[in-house]
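Numbering (the numbering used here), first residue to last: 40 to 271.
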């Protein structure tokens, strides 16, 4: 798995989650991962459609989606053979060893070509790998041009997608400091605070920034309304 840009990584992640859903349509987690991927990438129309499917249909949280799948006994045997490689892939992903994670996922799929868990892991590898490389690129851009607001915005957005919210907020605020009428940075900052909804104060900060984004750029109306709908 060589260098991969963020857009390609997102598309590959989506394909992997969709494959997991295709293999076991009644299992909840791939839908949730796909929804989060859409939301993180500001694909709100697709995200909303998927959220409606999740809410409409009863999905399950089975312990092992591979062995739970309806099929011949050989499928269960294949699932058990793939387990050690899936376990190892998870461990490598947690250490950000993406190539090793990918190698083990491929081995798992040779043992069980219908492994839901392998495809879910594959999606996560693509997402994390793409984000790590994007962060390196944006950080380098900032070093070369410390007063470049778009680089801070993009870096903040990537940190948000990694759930590193403190770093996301820090960089998005810097983007706004350099460019006070930067609607997209206000929007991304509002979205980041909306993800910290356990604290009511963060919801108010999210609302303020989202409204500011809309005031500067009315074209953001649909995106702003989507997030406000989720948090209220």
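The beta carbon of each residue, even a glycine, is placed where N, CA and C say it ideally should be.
How many Å lie between residue i and residue j at the Cα?
i, j, result
"residue 117", "residue 136", "25 Å"
"residue 151", "residue 127", "15 Å"
"residue 4", "residue 133", "In the structure as shown, the chain starts at 40 and stops at 271, and residue 4 therefore has no counterpart that could be examined."
"residue 205", "residue 198", "8 Å"
"residue 264", "residue 52", "26 Å"
"residue 47", "residue 131", "21 Å"
"residue 218", "residue 129", "41 Å"
"residue 54", "residue 122", "22 Å"
"residue 149", "residue 159", "16 Å"
"residue 272", "residue 250", "Residue 272 cannot be examined here, being either before or after the span of the chain that is shown, 40 to 271."
"residue 180", "residue 191", "9 Å"
"residue 182", "residue 139", "30 Å"
Check the C-beta distance from residue i over to residue j and give it rounded, since I have them as a contact under 8 Å.
i, j, result
"residue 66", "residue 155", "6 Å"
"residue 208", "residue 178", "Going by Cβ atoms, the distance from residue 208 to residue 178 rounds to 16 Å, so no, they are not a contact pair."
"residue 167", "residue 76", "The pair is not a contact, with the Cβ atoms about 11 Å apart (cut-off 8 Å)."
"residue 220", "residue 255", "6 Å"
CB-CB under 6 Å to residue i, same chain, minus the five flanking residues each way: which ones, in chain order?
i, result
"residue 228", "211 and 248"
"residue 56", "69, 72, 73 and 162"
"residue 124", "143, 146 and 147"
"residue 49", "80"
"residue 241", "232 and 235"
"residue 257", "none"
"residue 176", "none"
Using alpha carbons as the reference points, say which of the options lies closest to residue i.
i, options, result
"residue 59", "157, 214 and 237", "157"
"residue 115", "139, 80, 125 and 153", "153"
"residue 213", "189, 199 and 124", "189"
"residue 224", "77, 194, 202 and 240", "194"
"residue 216", "237, 186, 239 and 139", "186"
"residue 45", "61, 172, 244 and 138", "172"
Whose C-beta lies closer than 8 Å to the C-beta of residue i among residues of the same chain, with five residues either side of it excluded?
i, result
"residue 174", "194, 197, 198 and 201"
"residue 203", "none"
"residue 98", "For residue 98, the pLDDT reaches just 48, beneath the cut-off of 50, and the residue's location in the model is therefore unreliable, although a value from the coordinates is still provided. Excluding positions up to five away in sequence, the list reads 65, 66, 67 and 70."
Ignore the nearest five residues each way along the sequence and tell me which others in residue i's own chain have a CB closer than 7 Å to its CB.
i, result
"residue 259", "222, 226, 252 and 253"
"residue 245", "229, 232, 233 and 270"
Hey, does residue i have any beta-carbon neighbour from chain D nearer than 8 Å?
i, result
"residue 244", "The structure shown contains no chain D; it is built from a single protein chain."
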